[in-house]
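Using UniProt numbering, you'd call the opening residue of the sequence shown number 1 and step up by one each time. Ideal Cβ positions, reconstructed from N, Cα and C, are used throughout, including at glycine.
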Amino acid sequence: MAKVIVVTSGKGGVGKTTSTAALGAALAQRNEKTVVVDFDVGLRNLDLVMGAERRVVYDFVNVVQGDAKLPQALIRDKRLETLFLLPASQTRDKDSLTPEGVERVINELKRHFDWIICDSPAGIERGATLAMRHADMAVVVTNPEVSSVRDSDRIIGLLDSKTAKAERGERMEKHLLLTRYDAKRAERGDMLKVDDVLEILSIPLLGIIPESMDVLRASNIGAPVTLADSNSAPASAYFEAARRLAGEVVPVAIPSEKRGLFGKIFGRRAA
Ligand SMILES: Nc1ncnc2c1ncn2[C@@H]1O[C@H](COP(=O)(O)OP(=O)(O)OP(=O)(O)O)[C@@H](O)[C@H]1O
Ligand SMILES: [Mg+2]
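(1) In angstroms with no decimal places, state the Cα-to-Cα distance between V149 and I5.
(2) Per the DSSP calculation, E173 is bridged to which residue(s)?
(3) Mark N143 as exposed unless 16 or more other C-beta atoms lie within 10 angstroms of its C-beta, in which case mark it buried.
(4) Select from V215, I221, G123, E145 the residue whose C-alpha is nearest the C-alpha of D190.
(5) Could you say if the region 106-116 and the region 9-17 meet the contact criterion of at least three C-beta pairs nearer than 8 Å?
(6) Any heavy atom of ligand 1 closer than 7 Å to the Cβ of R180?
(7) Tell me whether S212 counts as near ligand 1, meaning its Cβ is closer than 7 Å to at least one heavy atom of that ligand.
(8) Taking the alpha carbon of L216 as the point to measure from, which residue in S19, P121, K3, V36 has its own alpha carbon closest?
(9) Could you tell me whether any non-hydrogen atom of ligand 1 is closer than 7 Å to the CB of N45?
(10) Going by the beta-carbon positions, is the gap between R44 and S96 smaller than 8 Å?
(11) Are the region 59-66 and the region 129-141 in contact at 8 Å, needing three or more beta carbon pairs?
(12) With a threshold of 16 other CB atoms inside 10 Å of the CB of P121, please say whether the residue is buried or exposed.
(13) For ligand 2, any of its heavy atoms closer than 7 Å to the Cβ of D67?
(14) Could you give the first and the last residue of the continuous alpha helix (DSSP H) run that contains P234?
(15) State the DSSP-derived secondary structure class of G101, mapped to helix, strand or coil.
(16) Considering P71, what are the terminal residues of the alpha helix (DSSP H) in which it resides?
(17) Let me check you understand the geometry: is the CB of residue 272 closer than 7 Å to at least one non-hydrogen atom of ligand 1?
(18) Count Cβ pairs between the region 240-257 and the region 34-51 that sit closer than 8 Å; are there 3 or more?
(19) Identify whether K165 lies in helix, strand or coil by the three-state DSSP scheme.
(20) Given the structure, does D151 come close to ligand 2, in the sense that its CB is under 7 Å from one of the ligand's heavy atoms?
(21) When you compare the CB positions of I156 and I209, do they come within less than 8 Å of one another, or not?
(22) What runs of the alpha helix (DSSP H), each 4 residues or longer, lie entirely inside the region 75-132?
The structure is reproduced here in structure tokens:
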């Protein structure tokens, strides 16, 4: 049965779009038919990260408003035939998506895909609540810093009250994806510790994605990091997170700063 996932955070710029692309590609790389849907109308970014910006003809708003059929707007990935993108409009304003239209499109996508991954806009306003409305599961993207954790806490409150699932009295499954984790800064005590974040948010941990230049390089060539550099540390972390989403039990390792002998000696002298 199709699973609808919302990738959400409250705070902007924490890695939602990066994670939508990487998790979507990782699930498609498992041979499961996956579509990533850009709810960030007006600011669309997912098409860039997916390397499809020149292939956008029709978008989500066109389909919602009945100006195009869903198959006309869906873009099949050039590298993976199980991966599709439903792009957002860059020119319309964010009120162009109507709740009824979104529901109709999600229901149509459910008939054709195993996974529907919705990339939420930042904030806790209408755009974010529309993106989470029909989700079965939520991936709450959080950076290990106080303002991001606080906004994630607010989003968790909305997931438990403003979604169709919550209104039916069902429990929304929520997973924490800790992104941009910098082992060096964590060891210095400059960032919140994984345990602290888990204690505040108290939702299960889906994965820890390290801060990495590999993510920037992948986004600059228009490829999800799991496709651009599948052996890199962030790609491995996203592959593992995708396996957990699919229900496999895979323990989460906290990335550590692996220092060589030189590093250790240097570290001691500096201290
Ligand atoms: N693990 C990472 N390591 C390094 N840079 C990262 C990582 N994850 C994301 N970034 C960078 O952080 C920036 C913001 O990422 P992204 O666009 O995915 O965030 P977002 O939550 O979707 O933002 P918005 O709220 O504006 O939609 C981008 O430049 C992206 O390349
Ligand atoms: Mg984004």
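In short:
(1) Rounded to whole angstroms, the gap between the alpha carbons of V149 and I5 is 20 Å.
(2) DSSP, once it has assigned bridges, lists M137 as partnering E173.
(3) Residue environment: N143 is assigned as buried (16 or more neighbouring CB atoms within 10 Å of its CB, all protein chains considered).
(4) Ranking the options by Cα distance to D190, first place goes to E145.
(5) Contact fails between the region 106-116 and the region 9-17, because fewer than three Cβ pairs, one in each stretch, are under 8 Å apart.
(6) A heavy atom of ligand 1 is found nearer than 7 Å to the CB of R180.
(7) S212 Cβ: within cutoff of ligand 1.
(8) Among S19, P121, K3, V36, the Cα nearest to that of L216 belongs to S19.
(9) A distance criterion of 7 Å places the beta-carbon of N45 in contact range of ligand 1, judged by its closest non-hydrogen atom.
(10) Taking 8 Å as the Cβ cut-off, R44 and S96 do not qualify as a contacting pair.
(11) Flag = no, the region 59-66 and the region 129-141 do not touch.
(12) That one is buried.
(13) The answer is no for D67.
(14) Segment 233-245, the alpha helix (DSSP H) holding P234.
(15) In the three-state DSSP reduction, G101 falls in the helix class (H, G or I).
(16) P71: member of the alpha helix (DSSP H) spanning 70-73, first to last residue.
(17) There is simply no residue 272 to check, as the chain begins at 1 and stops at 271 in what is shown.
(18) No, because fewer than three Cβ pairs between the region 240-257 and the region 34-51 fall closer than 8 Å, the two stretches do not touch.
(19) Three-state DSSP puts K165 in a helix.
(20) For D151, the shortest separation between its Cβ and any heavy atom of ligand 2 does not lie below 7 Å.
(21) Against a cut-off of 8 Å, the Cβ pair of I209 and I156 comes out as no contact.
(22) For the region 75-132, whole alpha helix (DSSP H) runs of length 4 or above, ordered along the chain, are 99-112, 126-132.
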